[in-house]
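Protein chains: 2
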Amino acid sequence: MKSYEKLEVKFRRLSNFSHLSAMVAWDEAVNMPTGSGEARNEAMVELETLIHDEYMSPDVAELISRAESEVDELNEWQAANLREMRTRWLRHTSVSKDLVQRLTFARMKCEQAWRTLRVENNWKTFAPLLNEVVQCGREEAQQRSESSGLAPYDSMLDLYEEGVTEELIDFSFEPLRKFLPNFIPEVVEKQKNEKLVYQEGLISKDHQRALSIKIMEFLGFNFEKGRLDTSHHPFCGGVPDDVRITTRYSESDFTECLMSVIHETGHGSYEQGLPIEWRGQPAGSAMGMAFHESQSLFYEMQIGRSESFLNAVTPILKEFLGREGDPARLWESENLHRLFTRVMPGYIRVNADEATYPLHIMMRYEIEKELIAGSLSVKDIPEVWDTKMYQYLGLRTEGNFKDGCMQDGHWAAGAFGYFPSYTLGAMIAAQLFQAMEESLPNVQSEILSGDLLNVKQWLNDHIWSKGSTLNFNDLLVKATGDTLNSQIFIRHLKKRFLED
Amino acid sequence: MKSYEKLEVKFRRLSNFSHLSAMVAWDEAVNMPTGSGEARNEAMVELETLIHDEYMSPDVAELISRAESEVDELNEWQAANLREMRTRWLRHTSVSKDLVQRLTFARMKCEQAWRTLRVENNWKTFAPLLNEVVQCGREEAQQRSESSGLAPYDSMLDLYEEGVTEELIDFSFEPLRKFLPNFIPEVVEKQKNEKLVYQEGLISKDHQRALSIKIMEFLGFNFEKGRLDTSHHPFCGGVPDDVRITTRYSESDFTECLMSVIHETGHGSYEQGLPIEWRGQPAGSAMGMAFHESQSLFYEMQIGRSESFLNAVTPILKEFLGREGDPARLWESENLHRLFTRVMPGYIRVNADEATYPLHIMMRYEIEKELIAGSLSVKDIPEVWDTKMYQYLGLRTEGNFKDGCMQDGHWAAGAFGYFPSYTLGAMIAAQLFQAMEESLPNVQSEILSGDLLNVKQWLNDHIWSKGSTLNFNDLLVKATGDTLNSQIFIRHLKKRFLED
Numbered sequence: 047m048k049s050y051e052k053l054e055v056k057f058r059r060l061s062n063f064s065h066l067s068a069m070v071a072w073d074e075a076v077n078m079p080t081g082s083g084e085a086r087n088e089a090m091v092e093l094e095t096l097i098h099d100e101y102m103s104p105d106v107a108e109l110i111s112r113a114e115s116e117v118d119e120l121n122e123w124q125a126a127n128l129r130e131m132r133t134r135w136l137r138h139t140s141v142s143k144d145l146v147q148r149l150t151f152a153r154m155k156c157e158q159a160w161r162t163l164r165v166e167n168n169w170k171t172f173a174p175l176l177n178e179v180v181q182c183g184r185e186e187a188q189q190r191s192e193s194s195g196l197a198p199y200d201s202m203l204d205l206y207e208e209g210v211t212e213e214l215i216d217f218s219f220e221p222l223r224k225f226l227p228n229f230i231p232e233v234v235e236k237q238k239n240e241k242l243v244y245q246e247g248l249i250s251k252d253h254q255r256a257l258s259i260k261i262m263e264f265l266g267f268n269f270e271k272g273r274l275d276t277s278h279h280p281f282c283g284g285v286p287d288d289v290r291i292t293t294r295y296s297e298s299d300f301t302e303c304l305m306s307v308i309h310e311t312g313h314g315s316y317e318q319g320l321p322i323e324w325r326g327q328p329a330g331s332a333m334g335m336a337f338h339e340s341q342s343l344f345y346e347m348q349i350g351r352s353e354s355f356l357n358a359v360t361p362i363l364k365e366f367l368g369r370e371g372d373p374a375r376l377w378e379s380e381n382l383h384r385l386f387t388r389v390m391p392g393y394i395r396v397n398a399d400e401a402t403y404p405l406h407i408m409m410r411y412e413i414e415k416e417l418i419a420g421s422l423s424v425k426d427i428p429e430v431w432d433t434k435m436y437q438y439l440g441l442r443t444e445g446n447f448k449d450g451c452m453q454d455g456h457w458a459a460g461a462f463g464y465f466p467s468y469t470l471g472a473m474i475a476a477q478l479f480q481a482m483e484e485s486l487p488n489v490q491s492e493i494l495s496g497d498l499l500n501v502k503q504w505l506n507d508h509i510w511s512k513g514s515t516l517n518f519n520d521l522l523v524k525a526t527g528d529t530l531n532s533q534i535f536i537r538h539l540k541k542r543f544l545e546d
Numbered sequence: 047m048k049s050y051e052k053l054e055v056k057f058r059r060l061s062n063f064s065h066l067s068a069m070v071a072w073d074e075a076v077n078m079p080t081g082s083g084e085a086r087n088e089a090m091v092e093l094e095t096l097i098h099d100e101y102m103s104p105d106v107a108e109l110i111s112r113a114e115s116e117v118d119e120l121n122e123w124q125a126a127n128l129r130e131m132r133t134r135w136l137r138h139t140s141v142s143k144d145l146v147q148r149l150t151f152a153r154m155k156c157e158q159a160w161r162t163l164r165v166e167n168n169w170k171t172f173a174p175l176l177n178e179v180v181q182c183g184r185e186e187a188q189q190r191s192e193s194s195g196l197a198p199y200d201s202m203l204d205l206y207e208e209g210v211t212e213e214l215i216d217f218s219f220e221p222l223r224k225f226l227p228n229f230i231p232e233v234v235e236k237q238k239n240e241k242l243v244y245q246e247g248l249i250s251k252d253h254q255r256a257l258s259i260k261i262m263e264f265l266g267f268n269f270e271k272g273r274l275d276t277s278h279h280p281f282c283g284g285v286p287d288d289v290r291i292t293t294r295y296s297e298s299d300f301t302e303c304l305m306s307v308i309h310e311t312g313h314g315s316y317e318q319g320l321p322i323e324w325r326g327q328p329a330g331s332a333m334g335m336a337f338h339e340s341q342s343l344f345y346e347m348q349i350g351r352s353e354s355f356l357n358a359v360t361p362i363l364k365e366f367l368g369r370e371g372d373p374a375r376l377w378e379s380e381n382l383h384r385l386f387t388r389v390m391p392g393y394i395r396v397n398a399d400e401a402t403y404p405l406h407i408m409m410r411y412e413i414e415k416e417l418i419a420g421s422l423s424v425k426d427i428p429e430v431w432d433t434k435m436y437q438y439l440g441l442r443t444e445g446n447f448k449d450g451c452m453q454d455g456h457w458a459a460g461a462f463g464y465f466p467s468y469t470l471g472a473m474i475a476a477q478l479f480q481a482m483e484e485s486l487p488n489v490q491s492e493i494l495s496g497d498l499l500n501v502k503q504w505l506n507d508h509i510w511s512k513g514s515t516l517n518f519n520d521l522l523v524k525a526t527g528d529t530l531n532s533q534i535f536i537r538h539l540k541k542r543f544l545e546d
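Written as structure tokens, this is what we have:
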């Protein structure tokens, strides 16, 4: 067997271990009883250590080098696969085994505690646990930086979207930072006079779950290879052949669950759309989190909250959720569109509207950079949070940890460098949608009639079927003809909120 | 570190891998979408291969031998742990890697197909899949026999309950084989004149689930470290710190779910009762399937279907399941006791009553012995099944595969040697209960008043806290003062069905 072929066998093995890891992680978030964390954490650390050991084994490095010297014999996919193997190898081997173990323990412990402590608004108990994770995060960034040659925070960003740097983020966030502070009050002002009918009373989880499944089917989610469950925070887990989407139900506000389901269905559709013949190989996997988020936001923001889509699904929503005595206007498309495009500065990122969302991301980005750099201590996070929240969104969070700096689990889980993906994803989504509209002039009327076949085909052709064969920039340019361009996102916001 | 200590580290690692395996196997039965089997099977085979490789690594054999030569330095628990390590090592290393992989694939494929094919009564498609599993099973028995020195089928029995042999089974089954054929008609005749009120209409799954949880709490199940879910066949999976019990709901007959929940709670209580300080070590694990089944049948048969227990829970059953218009007699203890002790020859093992159940086991035992010996072919199973079913229970199953030889998943899953555990377990349970009654003279009135503390304490002292430190015979003799004695089970049956 040639070196490259041996590597395919090796990475298939690693992919099988990732399969186990993904399933057990999903279980931890969805099913695990509260008292089972300790035993589970030990098992997970064992698995992470094993995966680390497999990457560290000298034959992997040797095979990669040898295969690289024979790269001329490989076709395009194989060459891309080899590149991705090198990337993954570098990611896994740049952190010491000791740190992998400490990090896995610290973040599982912190993340599990966070679930309870957040509800209790208990920053005092949470802070030392988070501090341990931040300490590990700093070491991680340092170790990664040493082997990648990137700056420490860049080497963390690189984990979530290869090639994305602080420079790129600053460059693309800057126009938004200038635009949004004036734009948001303008939208709020305009919407003030729009009549809006809200849900009255409670809509049961069962009804919302039935609707969620119906909408997922409408969007083409394949339930033969996936599920919908309930978790604390909605997420998309599992593997391409077994995609596990979760949501949560607020009986007093059906809009939360519906949009989170559409969002996660975007993630899930990307996974399900990856090329089957490259299963288990790095090149056949999804891109990083920015592109992943672009797919969920394409589904949620570009399609889900659009007038055409909401027109198409209005009868379904009414059928599944409507009750006697509802105001007639509640289930009219115009009202639904207004409900789903309401702009209103708020405390909670996951509940934020499309216009204020980037500001939530920017403040997290600014804070986590400093955390990793060591110029901000965990104990000072609440104060900085309060200051930035006031500066960006006019809201105070002093003493309100649970709706402030304790609202997200990302840092607890050690995911420094992850947050920017959300806004990069929003920008990519807008850019992809614009490119799709240019090549499919009838797409709006197709969406209006409930036909998403061409949309899915376009995404499949330009994103899903490519796996990870192209880098961030090349994939974006091939799909849209442009590098990352925040102006397209800004135009989309203007069109949606001021012109419609 | 001493050899023994190194082995503890090694087996803790193996226990962590088993944790992952248990969780993913539970997920496969409870959650996995129908189209995800292929990818899952590959991941599971990878894990099984890894575990096999870990056992095969030469240092394990060497460490065990070296530790055995230093056994004088170990305390009682450590010495027992070392013996169990040797047993597990032997079990894992006597089968070749190639066969482990073929077997895992064949049985996962067959078991997954069985779920659909059984419903379709499709023996034709099922038979070749089962044949592959049987072929692998024969090879397995052969390989195990070669390294254990036991006869092939004995070496399979040994997997499910160490030390149990065909000879012991024949010896203990024989009295039942003589007793039951006359006993059953006598009971049926006696019960013919008993008035019995059955459930009318449907009782929703939600109500049954709420009752199930209530009853599990009543029995002392720890939900901080366990769950109740739904699956095709009820089972108890997971790990001691995260026990996953499943059931299924028949809306037209609440008795099925209730007793299966009590049964699985017996399994689960055993797991939850294992000594915490020996977590992750072989000696701290549960005994084999016969003792495991003795715990579930202790809960279901000795306690759950007893007059005292049913008296105690009657108000709960009525509160959770009762509806307006129910006949008053339905929720009276006497009626419930009759419902739960009805004897009636039927096709389905899992629905069988306590008296006919052993006959279901005997025929399976006879058939699987021949399958492993090669004296019976898969294609001939339906005919033999029909013959034995008629002989033992007076029922014909010609053409009715789904209620005949396709009703169980055990052979599909390659579990040859497993079935006898059920009846061994029933006998042990009766023997344990008798011993407990002798040492706790007030236990019946305690059960009647809903107080199970002493029962649990007795089981804990005599079974749960022992882990696997004693062998089959020693554990039984220490707990009951007697070796396996079918007469006690027979006395129990007579008392329950003819004297009460």
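Protein chains in written order, with the working numbering: chain A, 47 to 546; chain B, 47 to 546. The beta-carbon is built from N, C-alpha and C at its ideal position, and this holds for glycine as well.
For this session: At 8 Å on the CB atoms, spell out the chain B contacts of H98 (chain A), in chain order.
Result: Within chain B, no residue comes near H98 (chain A); the closest Cβ sits about 14 Å away, beyond 8 Å.
Problem set entry | Minimum length 4: unbroken alpha helix (DSSP H) runs contained in the stretch 332-365 of chain A | 335-343
Exercise. Among all the DSSP beta bridges, which residues are the ones paired with I407 (chain B)?
Worked result: For I407 (chain B), which the question treats as bridged, DSSP gives no partner whatsoever.
For this session: Could you pull out every residue in the same chain whose Cβ sits closer than 7 Å to the Cβ of L498 (chain A), ignoring the five residues on either side in sequence?
Result: Excluding positions up to five away in sequence, the list reads L265, G266.
Problem set entry | Of the listed residues A:D252, A:E207, A:P286, nearest to D549 (chain A) (C-alpha basis) | Residue 549 (chain A) lies beyond the range of chain A shown here (47 to 546); nothing can be said about it.
Problem set entry | Residues of its chain near L440 (chain B), where Cβ-Cβ distance is below 8 Å and the 5 sequence neighbours each way are ignored | Note that residue 440 (chain B) is Gly in the sequence shown, not Leu. Once the five neighbours on either side are set aside, the close Cβ partners of G440 (chain B) are P391.
Exercise. What residues in its chain sit with their C-beta under 6 Å from that of G368 (chain A), if we drop five residues either side in the sequence?
Worked result: W377
For this session: Return the Cβ separation of L163 (chain A) and F172 (chain A) in integer angstroms, given the expectation that the two are a contact with Cβ distance under 8 Å.
Result: About 4 Å; that satisfies the 8 Å criterion.
Exercise. Mind pulling the chain A residues with CB within less than 8 Å of P79 (chain B)?
Worked result: F269, E270, K271, G272, R273, D288
Exercise. Got a sec: is the Cβ-Cβ distance from M69 (chain A) to anything in chain B below 7 Å?
Worked result: yes
For this session: Closer than 8 Å by C-beta to R294 (chain B): which residues in its own chain qualify, once you throw out the five before and the five after it? Chain order, please.
Result: T276, S277, H278, H279, P280, E302, C303, S306
Exercise. Is it true that the CB of R190 (chain B) sits closer than 7 Å to the CB of S140 (chain B)?
Worked result: yes
For this session: Please go through the same chain and pick out, in chain order, the residues whose beta-carbon is closer than 8 Å to the beta-carbon of F63 (chain B), but skip the five residues on each side of it.
Result: L93, L96, I97, E100
Problem set entry | R148 (chain A) versus Q480 (chain A): straight-line alpha-carbon distance, rounded | 45 Å
Exercise. By DSSP, does T402 (chain A) sit in helix, in strand, or in coil?
Worked result: coil
Exercise. What separation, rounded to the nearest whole angstrom, lies between the Cα atoms of R59 (chain B) and H65 (chain B)?
Worked result: 10 Å
Exercise. Rounded to a whole number of angstroms, what is the C-alpha to C-alpha distance between R161 (chain B) and L382 (chain B)?
Worked result: 32 Å
For this session: Keeping to the same chain, check which residues put their C-beta closer than 6 Å to that of G471 (chain B); ignore five residues upstream and five downstream.
Result: Taken in chain order, the residues that qualify are A336, E339, S340, L343.
Exercise. What does DSSP give as the partner residues of R290 (chain B) in its beta bridges?
Worked result: B:R273, B:G283
For this session: Could you pull out every residue in the same chain whose Cβ sits closer than 6 Å to the Cβ of G445 (chain A), ignoring the five residues on either side in sequence?
Result: none
For this session: Taking all protein chains shown into account, decide if L405 (chain A) is buried (16 or more other Cβ within 10 angstroms of its Cβ) or exposed.
Result: buried
For this session: Could you say if the stretch 75-94 of chain A and the stretch 109-129 of chain A meet the contact criterion of at least three C-beta pairs nearer than 8 Å?
Result: In short, these stretches do not touch, since the Cβ pair count stays below three.
For this session: Could you spell out where the alpha helix (DSSP H) holding W504 (chain B) opens and where it closes?
Result: Element bounds for W504 (chain B): 499-508.
Exercise. Three-state secondary structure (DSSP) at E166 (chain A)?
Worked result: coil
Problem set entry | Cβ contact check for the stretch 219-227 of chain B and the stretch 442-462 of chain B: 3 or more pairs under 8 Å | No: fewer than three Cβ pairs fall under 8 Å.
For this session: At 7 Å on the CB atoms, spell out the chain A contacts of A73 (chain B), in chain order.
Result: Note that residue 73 (chain B) corresponds to Asp in the displayed sequence, not to Ala. Per Cβ cutoff of 7 Å: M69, D73.
For this session: Find the residues of chain B that neighbour A256 (chain A), judging by a C-beta separation of less than 8 Å, and give them in chain order.
Result: Within chain B, no residue comes near A256 (chain A); the closest Cβ sits about 15 Å away, beyond 8 Å.
Problem set entry | Inter-residue Cα distance where the pair is W504 (chain B) and V180 (chain B) | The C-alpha of W504 (chain B) lies about 41 Å from the C-alpha of V180 (chain B).
Exercise. The alpha helix (DSSP H) with V307 (chain B) in it runs from where to where?
Worked result: 300-319
For this session: Going by CA-CA distance only, name the one from B:Y411, B:L176, B:T402, B:K236 that's closest to R153 (chain B).
Result: Nearest to R153 (chain B) by alpha-carbon distance, out of B:Y411, B:L176, B:T402, B:K236, is B:L176.
Problem set entry | Range of the contiguous alpha helix (DSSP H) that encloses D372 (chain A) | Counting along the chain, D372 (chain A) falls outside any alpha helix (DSSP H), and DSSP gives it neither H nor E.
Exercise. Over what stretch of residues does the alpha helix (DSSP H) that includes N127 (chain B) continue unbroken?
Worked result: From DSSP, the alpha helix (DSSP H) with N127 (chain B) extends over 122-139.
Problem set entry | T469 (chain A) classed as buried or exposed, judged by whether at least 16 other C-beta atoms fall within 10 angstroms | buried
Problem set entry | Cutoff 7 Å: N62 (chain B) Cβ touching any chain A Cβ | yes
Problem set entry | Backbone secondary structure at G209 (chain B) - three-state DSSP | Three-state DSSP puts G209 (chain B) in coil, outside helix and strand.
Problem set entry | 7 Å Cβ cutoff met for G314 (chain A) and G272 (chain A) | yes
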